[in-house]
Amino acid sequence: VLCDGRSPIDPRLIESKNSHHAGIFPVGIGDDIDFARLEMVAAWNYGFTTYLDNEANITSSIERLLCKLSQPIMKDVRLEFGRADLHDILPSKYPAAYAGACFHLTGRYVNPATSAFSVAGQSVSGYAGFDFNLDFSRSTETNKFAEHMWAKEKIDELEWETDIYGETMDLREQLIALSLQYNIRCRYTAYVADYETEYSNVTDDRHDMTIIPSSYVISSYPNPFNPSTTIRFYIAPEDVGLVKFIKIYNALGQLVAVLDISSFAAGLHSVRFDGRDYFGQPLPSGQYFVRLEIGERMSTMKITLAR
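Whatever position you read off the sequence shown (first residue = 1), add 200 for my numbering.
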């Protein structure tokens, strides 16, 4: 399907008609793309998105995509956990697995424990299954990045709903609550008034919430990017000396790159990320998480590298 990037298609309608569980893999070219609609169509139809900028070699990029799709490992993927207290698992539909591709699963649990975990599905040679043990830690600090990955996935899902099907009070309140709790900016908190004090219209029965701006990552452009992107961030005066690095994590939570910003003063700044790891090697296509740490606080943003 070819269009100008602004399609009226309804992701829910497509999913309801997809009785054969066909994988849909949208390809977006350029910057003026309906990202929310493409992401939602792919997520609900066993696929993933590919983004190319205007300077990309479209022929070779599509050839790489088709090469990846020609090497299926497992479809109709099912994940089974040996416990019943898991909730808010994202994505709600699991994509098919292809050689050279990956996807991550995030969720929440109530009680710490070690539990069995199984991955199963249809491979080219028939049914296949794999069993593992997972440690659901009681520590709130070990692998702390995981909760921010979940929060960002949840925010993305809610913003898809808002973009495509319209704003509701429930969606708005959920987005604001997640944004404030995890210090991840959303459409309702992505602004700074005066660098001193902001007032939101979020209220409860006890008090009004006052948002005090602190250091955070603002945006990156272009995003998706190839081969580099500019990350914009803000350092609050009280955080000067506390902010040392911007860290880049891959979708598995592995630290792949560090940008030294210890010499920056208070105010708005930008730094360029060239899409390379510690050793100067180009990172593969995929989703990455930009994290600015301020003591025990942190601000996280998702970026996409599309080679």
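Cβ coordinates follow ideal geometry from the N, Cα and C atoms, glycine included.
query = What are the partner residues of N333, as DSSP defines its beta bridges?
reply = DSSP lists A316 as partners of N333.
task = Rank A256, F336, N245 by C-alpha distance to the C-alpha of D522 and give the top, closest one.
result = This structure cannot settle anything about residue 522, because the visible part of the chain is limited to 201 through 507.
key: Contacting residues, own chain, Cβ-Cβ under 8 Å from L371 (five flanking each side not counted)   = Spatial neighbours of L371 in its own chain (CB-CB distance under 8 Å, excluding positions within 5 residues in sequence) are listed in chain order as L358, E361, T362.
request  = Please work out which residues of its chain come closer than 8 Å, Cβ to Cβ, to E353, disregarding the five sequence neighbours upstream and downstream, and give them in chain order.
outcome  = L290, P291, T306, listed in sequence order.
query = For M274, which residues of its own chain have a beta-carbon under 7 Å away from its beta-carbon, when the five flanking residues on both sides are left out?
reply = Annotation for M274: A296, A297, G321, Q322, S323, A328 place their beta carbon closer than 7 Å to its own, counting only its chain and skipping 5 residues before and after.
request  = Could you name each continuous alpha helix (DSSP H) segment of 4 residues or more that falls completely within the region 233–301, going from the start of the chain to the end?
outcome  = With a minimum length of 4 residues, the continuous alpha helix (DSSP H) runs that stay inside the region 233–301 are 235–243, 258–269.
task = Would you check if the distance between the CB atom of S419 and the CB atom of M501 is smaller than 9 Å?
result = yes
inquiry  = Contact between the region 242–257 and the region 204–220 is defined here as three or more beta-carbon pairs at a separation below 8 Å; is this criterion met?
reply    = yes
request  = Assuming Y449 contacts F433 (C-beta within less than 8 Å), just tell me the rounded distance between them.
outcome  = With a Cβ gap of about 16 Å, Y449 and F433 do not count as contacting.
query = Rounded to the nearest angstrom, how far is the Cβ of G486 from that of A451, given a contact under 8 Å?
reply = 6 Å
Contact set for G366: own chain, Cβ-Cβ below 8 Å, skip 5 residues either direction = none
ask   = Do I229 and Y251 come within 9 Å of each other at the CB atom, strictly closer than that value?
value = yes
key: Coil, strand or helix - D356 by DSSP   = helix
task = Can you give me the Cβ contacts of R406 inside the same chain, cut-off strictly under 7 Å, excluding the 5 residues immediately before and after it?
result = At R406, the pLDDT of 40 sits below 50, so the modelled position is not reliable and the matter cannot be decided from this model.
inquiry  = So, at 6 Å on beta carbons, what are the nonlocal neighbours of L334 in its own chain, with the 5 sequence-adjacent residues on each side left out?
reply    = Cβ-Cβ distances below 6 Å link L334 to S315, F317 in the same chain, with the five nearest sequence neighbours on each side left out; the list follows chain order.
request  = Provide the residue(s) that pair with M159 in DSSP beta bridges, ordered along the chain.
outcome  = Given that the chain is displayed from residue 201 to residue 507, the structure contains no residue 159 and the question cannot be resolved.
Own chain partners of N254 with C-beta closer than 8 Å, once the 5 adjacent residues on each side are dropped = I229, G230, D231
request  = For F235, count neighbouring Cβ atoms within 10 angstroms of its own Cβ and tell me buried if that reaches 16, exposed if not.
outcome  = buried
key: The beta strand (DSSP E) enclosing I448, as first and last residue numbers   = 443–450
query = From G441 to S428, what distance separates their C-alpha atoms?
reply = 27 Å
inquiry  = Considering only the alpha carbon of each residue, which of Q454, A506, H469 lies closest to A436?
reply    = H469
key: Which listed residue (S414, Y309, T249) has its alpha carbon closest to that of F303   = T249
request  = Measuring alpha carbon to alpha carbon, tell me which of V319, Y294, V277, L269 ends up nearest G300.
outcome  = If we check each option's Cα against that of G300, L269 comes out closest.
For S419, the residue or residues it bridges with in DSSP = R432
Supposed contact pair Y488 and L505 - C-beta distance, whole angstroms, cut 8 Å = 6 Å
message = Output needed for I494: all residues of its chain with C-beta closer than 7 Å, excluding positions within five of it in sequence on either side, in chain order.
response = S414, S415, D439, L442, V443
inquiry  = Does C386 pass the burial test, meaning 16 or more other C-beta atoms within 10 Å, or should it be called exposed?
reply    = buried
request  = Return the first residue and the last residue of the beta strand (DSSP E) that I229 is part of.
outcome  = 227–229
inquiry  = If you reduce the DSSP assignment to three classes, tell me which class D460 lands in.
reply    = strand
key: Between the CA atoms of Q374 and T368 - distance to the nearest angstrom   = 10 Å
Own chain partners of A222 with C-beta closer than 8 Å, once the 5 adjacent residues on each side are dropped = N245, Y246
request  = For D356, count neighbouring Cβ atoms within 10 angstroms of its own Cβ and tell me buried if that reaches 16, exposed if not.
outcome  = buried
task = Determine which residues share a DSSP beta bridge with V471 and list them.
result = I431
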